[in-house]
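606 is the number that the numbering used here gives to position 572 of the sequence shown; each next residue is one higher, with no gaps. For each residue, glycine too, the CB sits at the ideal point set by N, CA and C. To start, the structure under review is shown below, and the notes come after it.
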Amino acid sequence: MTFKVSVAPTTQSIRSVRVHANRAWGVPESPTLLKQATTRVVTAVSGPGAEHAASAYKPGKWDIYALGLTIVIGGQYFCWNAGIAAGLYSYFIAYLLIGTAYIALCCCTAEITGALPFAGGAYGLARCTLGFYPAFMIGCCEALEYMAYVSASTIAFVDLIVDSAPEIQPYRPLLWGLFYLSALVFHIKGGRAFWVFNLVLGVVSLLIVVFYCVGSLPFVSYAKYADVPDMQFVGGFSGFMKALPLAAWFFVGVEALPMASDQIEHAKHIVPIAQVGCIVTLFVTGIFVYFVTAALPPGLAALPAELVPFDNGFTLMLSIPRRAATVLSLPATYATAFGFMWCYGKLIVAMATSKLLPSFLSKSTAVHETPYAALIAGTSVSYALCLVVYWVPSIGQYLFNICMLSGFMSYTGQCIGYISLKHNYRNIKSSEFRSPFGSWGAFYSMCVWLLSTVGIAAYQGNGGVEGFAFLAVVACLTVFYFTYARKRQTFSPQENRVMLVAHVTKFNIKKVAAARHHKQQSTSSASASHHTTGSEASDGRRHSNQKATFGKSMWKRRYTLSLFSSSGVSKASEPAEIAASSLGAKPFRKRRPCQHREAAMKIFTVRPFRRRTEVQPLAPSTVQILPSGGAKPNGPSADNAVKYRHGKVDIFMLGITIVIGGQYFCWNEGINAGVYSFLIGYFIIASAYITLCSCTAEITGALPFAGGSYGLARCTLGFYPAFMVGCSEALEYIAYVSASVISFVDLIVDAAPSLDVYSPLLWALFYVTALLIQIKGGHVFWGFNLGIGIISLLIVVIYCVGSLAFVDFAQYGAHPDLEFVDGFHGFMKALPLAAWFFVGVEALSLSSDQVDQPKKIVPVAQVACAVTLFVSGLVVYFVTASLPPGLASLPTELVPFNRGFRLMFNVSHRVATILSLPATYATAFGFMWCYGKLIVAMATSRLLPKFLSKTTKDSETPYGALLAGSAVSYALCIVSYFVPAIGKNLFRICILFAFMSYTGQCIGYISLKRNYRNIKSSEFQSPFGIAGAAYSMVVWVLAAIAVVAFQDNGGVEVIAFAVTVAALTLFYFGYSRKRQTFSAAENRVMLVAHVTKFNVKKVAAGRRIRVQKSNSNSKRTGGGTETSQTEKGRMTLKSAKSAMQSMTSTAR
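The structure is reproduced here in structure tokens:
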């Protein structure tokens, strides 16, 4: 007898297990075996510790709420006041930013806990959403945050004791040790003792805060002590950024409450409510503490340097000396260090149980399962940090920033994980709590954490000590991961129990993605069997048959998924293998008889499930998860969850990412032609780009080909011209990345001149960082793209709006001698420079294969992006021209935005330059995506070497094309380094290739409209039509002439362009011509155009044959006799039949 175990999949934990007899396998019935199997299933569901769960102390909402207060509230007693040095209002803005970011983060983690109550910290979800190495780094960052914070809090706690009793100062290390010992006693004891002590600490700490705020009100005078004109905004933006991380003292640690999920009976209900209630309480008390403390004597000037800011209120309320008042701040300071010890104990034991850390750290007590080994190890590291501070006091002032740098990295990972959970794991939902802010709240929170990270790394004025320390720790952890943890890591029993749904979903996603990749490869190999001939129609039918066969067979395959017990755990040497090999991903062929009963409940066969999941044993040692019924599943792994799918906003922001950087730099050189002359050039180029984007949007609406302009050009212009158009477009993107990277590093050097000698290294660092995100692909790429695009656009908006107060066009912009400079020659010389505002927006059609509805989404996003860029560019142009010191110096400025930022924020030139870095990075990053997409498309069509078509398995990222394009782009940077003349003209070389490509696209559009009238876009029609394409083409030809003949530089651009064209021509006729074929994407998208072209050619050929035969018959029968006329009629009829036969064969 065998068993069928049905488990109803809910968003909560598994509630019930039903065991049914199944006689299909012919095994004798055995009540004993039935009982054993039932027991094993219940044990696997319940997890470790279930046998004594009833006797253990089970905390409730108030315990978790008090735990949050215990962890966090001490941060409102000390150290936060140092941020007042940035100014009362400047620091309050920082408080609101950090406070709202924590609220959004806690709502996200609360929703995650409501769906997946995993008590191991952020790394559990990150293993599903980001991967195993990033998850390891997130877990370690979170643990280091907690240990460093305990060190900082312990030092502060002993400093308060020393402030009350100065004579014990020499015994500080001993006092630190006594604190750790006293706290460890309660932690290791665990159970009721821990939770009662935690409740007392939390309540006492909160009551002291309330007592302080209420009791100090009679002494508060905001107008006298807080409203100081010189202490409102101190140090401008630099002061704000320096103080921003300090606002985290009010909240740090509240995100850790979900780690109590394994100690609560109803974690999905209790933890979210307690966590959200706790963060709201902390936000309110923080505001009261902030303003009450600021409004007490002696005032703001002395507040940043005070060790115990609460002493100002207690001394006035109770009329006691400061030493006695300091004693009242001791409970909360003790509490916060005590609470964070609980945090790192929970996190370290969870990671050790997953074998990410040495297994001895997973040891726990028998009664309350207290992780004593993790607590002792974390405490040892924390105490060691205290001793380092004792011997090297300068480290102490950086300890909190190092702690928060780790924290901000962990928070960013949690936000990304939440966004991924919402978008890619939609079957996993929280039934108890929903974040009211959703994905946008997580994205906002992530932006604040990144901004805070920049505040620590670049604005502390200490040489970047925190950054170097953090990088050193990351390097050590990376070495540890790849030498130790990578080969040993596995899933803990708790991960198997809680995160099963997420891992099964990810498993299904990967399997469907692999299947699709296999389908595309088979399609490509089928299309490669014929080169560019006229047989596309039959191949299209063959591909459709393959697709139908594949679609039927795809859902019949079964895969096994290993769930581990603590005694038998699979291991994998590669991170990618953990999801496949450690999850036991392998094709299931046949059932095997049970050989080891003790291995029961380990192997699961996974199919994407629909509404209910049946768990059936393949044998007594295996269990099979099958979809209910035989229908094709419609779950997240079926179609849309295979890859991160995008909407209009994603594509719109991709266009912003690609282009917006060009509005930050280099365009201002065109002002040399005169403010009005260059403005005319701007309008001409802008209108040409708008019409070009309208044309390409209409083409995408009809033929959403994601391979660039060469695809249509193969139909309309021919194969060699199409090859040249594609290569010109690719070289445009590669050269533009080189120009942008050089500009990006120039901005860095402008902010830090000492880095000038390291320019080639900084270029390489850019390529490495950008390639990591590009090759990772998926939601990581698109999330980063969305973030950096929004940031870049917001900085433009802030610059334009904030600079309006200083704009005076009459004084600075209307210079009589700088309206039209050097006449038509000056206009033509500056005309190509106006393309900085728009170049790259035409590339959005390359995303057509990554969008569910490309015919609808891409055209709308592309046109909207072009219009947005036109408006923002126009405002940037006039605002920049109207700011002091005026037009005369504008063409030579490296960073034109510095004019407005220096006036707005009252910062130095170097600091203002930093604000232009994100967009400069963004535009180079975006163009890397462009040449990656284009090169892989051409390589798939065999126009370029085949190895360039290699892609990753998960996200199908074209890593071969990205690496090759980046290598060429970096080589151009190196050439520019040794031959500066190339660097000065790199943009003009780039834009010359672009103008050639644009011209080809316009010709292709006109040909499509006139010769392929059966191909029409149902979603978008260009309002300018053929006339708009012709106008745009004329502009591109005029701009190309401007590059070739009006730059007065010896024709460097022409020589470079001619040499490149000659080399590409040799490559085409020597390599590509014999190998080229149609890629799978071309067969799928461009088939209609090629068939139409084939028909047109065949009909034209038939007409020529008919005319030739008719003419020859006329000459042979020229006599006018009756016989000759009869013969002529016969031959005419014959030629007509020949033409009809030709047309019939063409139709076939």
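Residue span of the alpha helix (DSSP H) that contains residue i, given as start and end
i: N1045; result: L1020 to N1045
i: M293; result: Neither: M293 is in no alpha helix (DSSP H) and is coded neither H nor E.
i: N346; result: D345 to L352
i: A506; result: V499 to F514
i: S727; result: The sequence shown places Cys at residue 727, not Ser. Taken as a continuous stretch (DSSP letters only), the alpha helix (DSSP H) holding C727 covers V709 to A736.
i: T985; result: From DSSP, T985 is part of no alpha helix (DSSP H); its letter is neither H nor E.
i: S272; result: G270 to A277
i: F166; result: F166 to S198
i: K810; result: S793 to K810
i: A1115; result: A1114 to V1119
i: H859; result: G857 to A864
i: T399; result: Run containing T399: none; DSSP gives neither H nor E here.
Coarse secondary structure for residue i, derived from DSSP in three states
i: V885; result: strand
i: Y246; result: helix
i: K389; result: coil
i: A339; result: helix
i: K624; result: Residue confidence for K624 is low, a pLDDT of 39 falling below 50, so the modelled location carries little weight; the figure read from the coordinates is stated next. Looking at K624 - three-state DSSP - the assignment turns out to be coil, as it is neither helix nor strand.
i: Y478; result: helix
i: T413; result: helix
i: H849; result: coil
i: Y205; result: helix
i: E990; result: coil
i: A55; result: Residue confidence for A55 is low, a pLDDT of 39 falling below 50, so the modelled location carries little weight and cannot support an answer.
i: G1083; result: Checking the sequence, you will find Asn at residue 1083 rather than Gly. Here N1083 sits in coil by DSSP.
i: Y259; result: helix
i: G742; result: coil
i: A282; result: helix
i: D842; result: coil
i: S486; result: helix
i: K92; result: coil
i: G154; result: coil
Outcome for residue i when other beta-carbon atoms lying within 10 angstroms are tallied against a minimum of 16
i: F961; result: buried
i: D780; result: buried
i: S788; result: exposed
i: P292; result: buried
i: R1138; result: exposed
i: S216; result: exposed
i: W283; result: buried
i: C976; result: Going by the sequence as given, residue 976 is Arg instead of Cys. R976 is buried by the Cβ-count criterion.
i: V418; result: It is Ala, not Val, that sits at residue 418 in the sequence shown. Exposed, by the Cβ-count rule.
i: F523; result: Note that residue 523 corresponds to Gln in the displayed sequence, not to Phe. Q523 should be labelled buried.
i: Y256; result: exposed
i: E1194; result: The first residue shown for the chain is 35 and the last is 1182, placing residue 1194 beyond what the model contains.
i: A772; result: A small correction: the amino acid at residue 772 is Ser; Ala does not occupy that position in the sequence shown. With 16 or more Cβ atoms within 10 Å of its Cβ, S772 is classed as buried.
i: N496; result: exposed
i: Q431; result: exposed
i: C113; result: buried
i: F434; result: buried
heavy atom of the ligand GDP below 6 Å from residue i C-beta
i: V1002; result: Because no ligand of any kind appears in the structure shown, any question about the ligand GDP cannot be addressed here.
How about the segment 152-168 and the segment 423-440: do they share at least three Cβ pairs that are nearer than 8 Å?
no
Three or more C-beta pairs closer than 8 Å, one from the segment 837-856 and one from the segment 901-913: is that the case here?
At 8 Å Cβ cutoff, the stretches touch.
Under 8 Å, with one C-beta from each stretch per pair, do the segment 681-692 and the segment 831-840 reach the 3-pair mark?
no
Whether or not the segment 478-486 and the segment 437-451 are in contact is what I'm after, with contact meaning three or more pairs of Cβ atoms, one per stretch, closer than 8 Å; do they touch?
A contact between stretches requires three or more CB pairs, one per stretch, nearer than 8 Å, and the segment 437-451 meets this requirement with the segment 478-486.
Count the C-beta pairs between the segment 1079-1094 and the segment 727-736 that are closer than 8 Å, then say yes if the count reaches three, no if not.
No contact exists between the segment 1079-1094 and the segment 727-736.
Is it a yes or a no for the segment 124-141 touching the segment 394-408, going by three-plus beta-carbon pairs under 8 Å?
no
Answer yes if the segment 881-893 comes into contact with the segment 690-703, meaning at least three C-beta pairs across the two stretches below 8 Å, and no otherwise.
The segment 690-703 is not in contact with the segment 881-893.
Spell out a yes or no on whether the segment 382-394 and the segment 218-234 are touching, meaning 3 or more CB-CB pairs, one atom from each, closer than 8 Å.
no
Would you say the segment 121-140 touches the segment 270-282, given that touching needs at least three Cβ pairs under 8 Å?
yes
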